[in-house]
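Following: one structure in structure tokens, then a few remarks.
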Amino acid sequence: MAGLYKYDLNPEDFKYVRRVKFTLWIMAICIGVSLYDVYG
Numbered sequence: 010m011a012g013l014y015k016y017d018l019n020p021e022d023f024k025y026v027r028r029v030k031f032t033l034w035i036m037a038i039c040i041g042v043s044l045y046d047v048y049g
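Okay, so the sequence shown: first residue is 10 according to the numbering used here, each after it adds one.
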């Protein structure tokens with residue numbers, strides 16, 4: 010994690026990272042719901 014601080018991130022990078030995290034959260038929620046439906 011410490012290696013990330015070597016680079017200066019501009020606001021566009023933060024927006025991109027936030028969008029990727031949001032997409033991963035949505036995918037995780039969808040997978041969790043489908044697994045809950047299968048095994049619930």
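For glycine and all other residues, C-beta sits at the position ideal for the given N, C-alpha and C.
The beta carbon of V42 is closer than 8 Å to none in its chain, skipping five residues each way along the sequence. Membership of G49 in any alpha helix (DSSP H) is not indicated, and neither H nor E is assigned to it by DSSP. Taking C-alpha positions only, I35 is separated from R27 by approximately 12 Å.
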